[in-house]
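Visitor: To start, I am sharing the structure in question, which I have written as structure tokens.
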Amino acid sequence: MSLNIVVLAKQVPDTRNVGKDAMKEDGTINRAALPAIFNPEDLNALEQALRLKDAHPGSKVTILTMGLPRAAEVIREAMYRGADTGIVLTDRALGGADTLATSYSLAQAIKKMGKIDMMLCGRQAIDGDTAQVGPQVAEKLGLPQVTYAEEIMNIADGKATVRRRIESGVEVVEAPLPLVVTVNGSAPDCRPRNAKRVMQFKYAVSPSEKEKLSDELKALVDKRPGLNLQEWSAAFVEADPEQIGMPGSPTKVKAIENVVFTAKESLCLDNDDEQIENLVKTLLANHTIG
Amino acid sequence: MDNQYKIENQNNVIVYCEYEDGKVADVSLELLTKGRKLADKLGVKLEAIVIGDKLEGIENQLYPYGTDVVYKVEDNRLYPYTSNPHAAVLIKLFKMIQPQICLMGATCIGRDLGPRVSSALHSGLTADCTALEIGDHKDPKTGKEYTNLLYQIRPAFGGNIVATIVNPDCRPQMATVREGVMKKEILDPAYKGEVMPLDADFMIDPSEYVVKIIDRHIAKSKINIKGAPIIVAGGYGVGSKEGFDMLFELANVLGAEVGATRAAVDAGFAEHARQIGQTGVTVRPKLYIACGISGQIQHIAGMKESAIIISINSDPEAPINSIADYVITGNYEEIVPKLIKYYKKNSK
Numbered sequence: 164m165s166l167n168i169v170v171l172a173k174q175v176p177d178t179r180n181v182g183k184d185a186m187k188e189d190g191t192i193n194r195a196a197l198p199a200i201f202n203p204e205d206l207n208a209l210e211q212a213l214r215l216k217d218a219h220p221g222s223k224v225t226i227l228t229m230g231l232p233r234a235a236e237v238i239r240e241a242m243y244r245g246a247d248t249g250i251v252l253t254d255r256a257l258g259g260a261d262t263l264a265t266s267y268s269l270a271q272a273i274k275k276m277g278k279i280d281m282m283l284c285g286r287q288a289i290d291g292d293t294a295q296v297g298p299q300v301a302e303k304l305g306l307p308q309v310t311y312a313e314e315i316m317n318i319a320d321g322k323a324t325v326r327r328r329i330e331s332g333v334e335v336v337e338a339p340l341p342l343v344v345t346v347n348g349s350a351p352d353c354r355p356r357n358a359k360r361v362m363q364f365k366y367a368v369s370p371s372e373k374e375k376l377s378d379e380l381k382a383l384v385d386k387r388p389g390l391n392l393q394e395w396s397a398a399f400v401e402a403d404p405e406q407i408g409m410p411g412s413p414t415k416v417k418a419i420e421n422v423v424f425t426a427k428e429s430l431c432l433d434n435d436d437e438q439i440e441n442l443v444k445t446l447l448a449n450h451t452i453g
Numbered sequence: 019m020d021n022q023y024k025i026e027n028q029n030n031v032i033v034y035c036e037y038e039d040g041k042v043a044d045v046s047l048e049l050l051t052k053g054r055k056l057a058d059k060l061g062v063k064l065e066a067i068v069i070g071d072k073l074e075g076i077e078n079q080l081y082p083y084g085t086d087v088v089y090k091v092e093d094n095r096l097y098p099y100t101s102n103p104h105a106a107v108l109i110k111l112f113k114m115i116q117p118q119i120c121l122m123g124a125t126c127i128g129r130d131l132g133p134r135v136s137s138a139l140h141s142g143l144t145a146d147c148t149a150l151e152i153g154d155h156k157d158p159k160t161g162k163e164y165t166n167l168l169y170q171i172r173p174a175f176g177g178n179i180v181a182t183i184v185n186p187d188c189r190p191q192m193a194t195v196r197e198g199v200m201k202k203e204i205l206d207p208a209y210k211g212e213v214m215p216l217d218a219d220f221m222i223d224p225s226e227y228v229v230k231i232i233d234r235h236i237a238k239s240k241i242n243i244k245g246a247p248i249i250v251a252g253g254y255g256v257g258s259k260e261g262f263d264m265l266f267e268l269a270n271v272l273g274a275e276v277g278a279t280r281a282a283v284d285a286g287f288a289e290h291a292r293q294i295g296q297t298g299v300t301v302r303p304k305l306y307i308a309c310g311i312s313g314q315i316q317h318i319a320g321m322k323e324s325a326i327i328i329s330i331n332s333d334p335e336a337p338i339n340s341i342a343d344y345v346i347t348g349n350y351e352e353i354v355p356k357l358i359k360y361y362k363k364n365s366k
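Protein chains in written order, with the working numbering: chain A, 164 to 453; chain B, 19 to 366.
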């Protein structure tokens, strides 16, 4: 049984290694100081999709990403690792969306793709850590969901068997296709790039990227349909303008504050035996320890 | 049934309560405590909903926190939790009773359930709030004024900023909160509310029982970071799993638990259950010993309320030092053994 699989991938600023220069003086984010990366758990989801493709020859893995036109970068990255093709959902009207408006937009794009068997995505994205988009897309598509997945163990008779990693243990569940699965960071890492595929797909471009290529490269892309990534607009996926972007977002940001912690007067000690022993004695005397 | 609830119980604050082995989860009790305060401020009732099996008497665990109404939906297919049937109950109930605020734990269950419900109701959901307040709001564009909205305050962007989110027009205003962030406090041990049983077959279409649990291994974690009075925590600067062994040694001697930063957990130095910070556990021990922790905001947010903080770091400029009571500048590998040595020498 070959499967039609969609993987949601998000291009995110790398918030895990935020340096001192990540915030500007005025408290806004210095995006230039944060490299854009493939959301880590979406890579775990991609690996699960590629394993399904390995196990079910003839399956197709399509990457769907919503963001700026440059998000086509994550599609190429996924293709280097084994994905077949990808779609960038990009439109000014989609900007400023909260998770609900984002989910609606993505669900509209998936409906446009026709019949799918499975949609996979990371549990959450590191720029928001909300874990909302997967389940919300599932609800919008009227599909069941399995979140916190660690492994899609098997697909047979139109049903998937999935192992989940939850706080206090492990659960194995069975759910019918089509199905939405969100994949946990504890799942196996994504396979690395394949050198042949890098050569094959380095000129896989979206229409707006193709514009910027030399005539020679344009001709090359035209000759090879597999190098043409798609760019979809809000209108193309028949999104209701009232339900996308800022107008479609029930949550509004009222205020943003830079985090400042009140500094304490610290007592500074050196790596000195007497000073350390005195500290231990103080803590013992006031019953903090012992 | 529909009408009765519409008249009696509208516009209240409701908490979705989780339980395991017949015991209501701490995070749910923490949210009831917070929910009571919000309900008082708004002059409305505090309600709870419990969905599962064998729920006899569970309301008695909820009343002491000031719960006025406990909705119960019982069916043996509702425990353990699966997404669709629990979501179906909340979607239908919320259409009936129109709560203005719904709170859930930011747990594997709350984070699975909340988005599904918010999507169906088109209501805003804010994840992992660290504070909840009631306040007014004026839309900067339309100038429209709103009173008594729920301020959902949460860190964003890896914890570098704190955002206040409001849902002006959509109800319920939904928020999830992690365990340990709010305080659990009994309002009155003798407080009494009422139970409203809801028929499972009325609330849930049979087609919703779509995901089957075929195997489940739940083990109570032996790691109890949240309740530990003393925590010895390590960061990426500890350098290795072996480095953490030394922290365990100190923890052992002091009767402490070992905690870790996200970076240390991501690097595989410590288990996820030990992670302290916005995406882990929030702790308030009486002593926090930070070893090789630089002090990213997302970590500090989860431990800054510790009574006494000791920072051991080779970098005297480490950001965590600014909130520490004691700063020991040096390599933890040399300092931790000294702490052990002088504790043993002086404690008897």
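Glycine included, every Cβ here is placed at the ideal spot set by N, Cα and C. These numbers come from a predicted model, not from an experiment.
(1) Can you give me the start and stop residues for the beta strand (DSSP E) that Lys417/A sits inside?
(2) Taking a cut of 9 Å between CB atoms, which residues from the segment 116 to 150 of chain B lie near chain A?
(3) Mark Leu64/B as exposed unless 16 or more other C-beta atoms lie within 10 angstroms of its C-beta, in which case mark it buried.
(4) If we define contact as Cβ-Cβ less than 7 Å, is Thr279/B a contact residue for chain A?
(5) How is Gly285/A classed by DSSP in three states: helix, strand or coil?
(6) Look at the Cβ atom of Ile311/B, then the Cβ atom of Ile338/B, and state whether they are nearer than 7 Å.
(7) Name the chain A residues whose beta carbon is nearer than 7 Å to that of Cys188/B?
(8) Using a Cβ-Cβ cutoff of less than 8 Å, which residues in the same chain neighbour Val368/A once the five nearest sequence positions on both sides are dropped?
(9) Under the rule that 16 or more other beta-carbon atoms within 10 Å means buried, what is Cys371/B, buried or exposed?
(10) Which residues, taken in chain order from the segment 316 to 348 of chain A, show a beta carbon closer than 7 Å to some beta carbon of chain B?
(11) Excluding five sequence neighbours on each side, which residues of the same chain lie with their C-beta closer than 8 Å to the C-beta of Ile241/B?
(12) At what residues does the alpha helix (DSSP H) containing Pro103/B begin and finish?
(13) Among Thr297/B, Arg54/B, Asn270/B and Arg134/B, which one has its Cα closest to the Cα of Val31/B?
(14) By Cβ distance below 6 Å, which residues in the same chain neighbour His317/B in space, the five residues on each side in sequence not counted?
(15) Candidates Ser412/A, Met281/A, Asn434/A and Ala426/A: which alpha carbon is nearest Thr324/A's?
(16) Please go through the same chain and pick out, in chain order, the residues whose beta-carbon is closer than 6 Å to the beta-carbon of Gly70/B, but skip the five residues on each side of it.
(17) Would you identify the three-state DSSP class for Leu171/A, choosing helix, strand or coil?
(18) If the cut is a Cβ gap below 8 Å, which residues of chain A does Tyr164/B touch?
(19) How would you write the range of the beta strand (DSSP E) that Phe399/A sits in, first residue to last?
(20) Buried or exposed for Pro220/A, please, with buried defined as at least 16 other CB atoms from any protein chain shown within 10 angstroms of its CB.
(21) Determine whether the Cβ of Gln299/A lies closer than 7 Å to any Cβ atom of chain B.
(22) Which residues share a DSSP beta bridge with Ser329/B?
(23) Figure out for me which residue from Leu143/B, Ala336/B, Thr194/B and Ile346/B has the closest Cα to the Cα of Cys431/A.
(24) Whole-angstrom Cβ separation of Tyr243/A and Arg356/A, contact assumed at under 8 Å?
(25) Report yes or no: is there a C-beta of chain B within less than 7 Å of the C-beta of Gly453/A?
(26) Would DSSP call Leu50/B helix, strand or coil?
(27) Between the Cα of Val333/A and those of Ile358/B, Ala66/B, Tyr350/B and His235/B, spot the shortest distance and give me the residue it belongs to.
(28) Need the endpoints of the beta strand (DSSP E) that Met192/B sits in, please.
(29) Just to confirm, are Asp217/A and Ala172/A a CB contact at a threshold of 7 Å?
Guide: Let me lay it out:
(1) Lys415 to Asn421 is the extent of the beta strand (DSSP E) around Lys417/A.
(2) Residues of the segment 116 to 150 of chain B with a Cβ closer than 9 Å to any Cβ of chain A, in chain order: Ala124, Thr125, Cys126, Ile127, Arg129, Asp130, Leu131, Gly132, Pro133, Arg134, Val135, Ser136, Ser137, Ala138, His140, Ser141, Gly142, Leu143, Thr144, Ala145 and Asp146.
(3) Here Leu64/B is buried. Its C-beta has 16 or more other C-beta atoms within 10 Å.
(4) no
(5) Here DSSP, grouped into helix, strand and coil, assigns Gly285/A to strand.
(6) yes
(7) Per Cβ cutoff of 7 Å: Pro413.
(8) So the qualifying residues of the chain are Ala235, Leu376, Val384, Leu390, Asn391 and Leu392.
(9) Residue 371/B lies beyond the residue range present for chain B, which begins at 19 and ends at 366; the question has no answer from this structure.
(10) The segment 316 to 348 of chain A vs chain B, Cβ under 7 Å: Ile329, Glu330, Ser331, Gly332, Val333, Glu334, Val335, Val336, Glu337, Ala338 and Pro339.
(11) The residues are Glu275, Glu289, Ala291 and Arg292.
(12) Ser101 to Ile115
(13) Arg54/B
(14) Thr279 and Gly295
(15) Taking each of Ser412/A, Met281/A, Asn434/A and Ala426/A in turn and checking the Cα distance to Thr324/A, the smallest one comes out for Met281/A.
(16) Leu96 and Tyr97
(17) In this structure, DSSP gives Leu171/A an extended state, which the three-state scheme calls strand.
(18) Result: empty, since nearest Cβ-Cβ is about 10 Å, beyond 8 Å.
(19) Element bounds for Phe399/A: n/a, residue is neither H nor E.
(20) exposed
(21) yes
(22) Ala308/B and Val345/B
(23) Ile346/B
(24) 4 Å
(25) At least one CB of chain B lies nearer than 7 Å to the CB of Gly453/A.
(26) helix
(27) His235/B
(28) Gln191 to Val195
(29) no
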